[in-house]
């Protein structure tokens with residue numbers, strides 16, 4: 001059996017803090033500008049981990065490519081009107097949100 005590293009433990013902790021939640025419950029975070037959308041092609045847990053580790057280089061790359069960004073007004077409205085459930089995790093001072101993937 002392999003030994004878990006400190007990074008493995010931190011990733012596991014982030015995973016345990018991730019939950020599905022109604023977008024409507026996150027409105028105050030959106031209003032304050034702290035709701036961050038994570039593209040569905042990215043692993044939400046890995047993004048949260050890299051932000052928590054202050055990996056500015058990786059986070060900047062994701063931002064430049066548009067894979068993470070503040071939740072846009074149009075996206076927020078679409079989720080609100082659809083009464084959408086999203087994946088979310090808190091990485092202070094942000095709440096990272098990602099659409100739930102529906103299997104093909």
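In this note's numbering, the protein residues as written are 1 to 104. For each residue, glycine too, the CB sits at the ideal point set by N, CA and C. Keep in mind the model is a prediction, meaning the values are calculated, not measured.
Measure the C-alpha to C-alpha separation of residue 98 and residue 10 and round it to an integer number of angstroms. Start at 1 with the first residue of the chain shown, and residue 98 comes out as number 98. Start at 1 with the first residue of the chain shown, and residue 10 comes out as number 10. C-alpha separation (whole angstroms): 20 Å.
Residues near residue 85 in its chain [Cβ-Cβ closer than 8 Å; skip 5 each side]: Here the question's residue 85 lines up with position 85 in the chain shown. Closer than 8 Å at Cβ, skipping near neighbours: 20, 21, 22, 23 and 100.
I'd like the list of long-range same chain contacts for residue 73, defined as Cβ closer than 8 Å, with 5 residues on each side in sequence excluded. For the purposes of this step, residue 73 is taken as the residue at position 73 of the chain shown. There are no such residues.
My output table needs one value for residue 9: the three-state DSSP class, helix, strand or coil. As a first step, residue 9 is located in the chain shown; it is residue number 9 there, counting from the start. In the structure shown, residue 9 sits in a helix (DSSP, three-state: H, G or I).
Express the C-alpha separation of residue 43 and residue 87 in angstroms, rounding to a whole number. As a working note, residue 87 is residue 87 in the chain shown. As a working note, residue 43 is residue 43 in the chain shown. Taking the Cα positions, residue 87 is about 11 Å away from residue 43.
Can you tell me whether DSSP reads residue 70 as helix, strand or coil? Within the chain shown, the letter at position 70 stands for residue 70. Correct three-state label for residue 70: strand.
Considering only the beta carbon of each residue, do residue 51 and residue 91 sit closer than 8 Å? For the purposes of this step, residue 51 is taken as the residue at position 51 of the chain shown. For the purposes of this step, residue 91 is taken as the residue at position 91 of the chain shown. Yes. Within cutoff.
Considering only the beta carbon of each residue, do residue 45 and residue 14 sit closer than 8 Å? Start at 1 with the first residue of the chain shown, and residue 45 comes out as number 45. Start at 1 with the first residue of the chain shown, and residue 14 comes out as number 14. Yes, Cβ-Cβ distance for residue 45 and residue 14 is below 8 Å.
Measure the beta-carbon distance from residue 37 to residue 26 and round it to whole angstroms, keeping in mind my assumption that it falls under 8 Å. One-based indexing of the chain shown puts residue 37 at position 37. One-based indexing of the chain shown puts residue 26 at position 26. 11 Å between Cβ atoms; not a contact.
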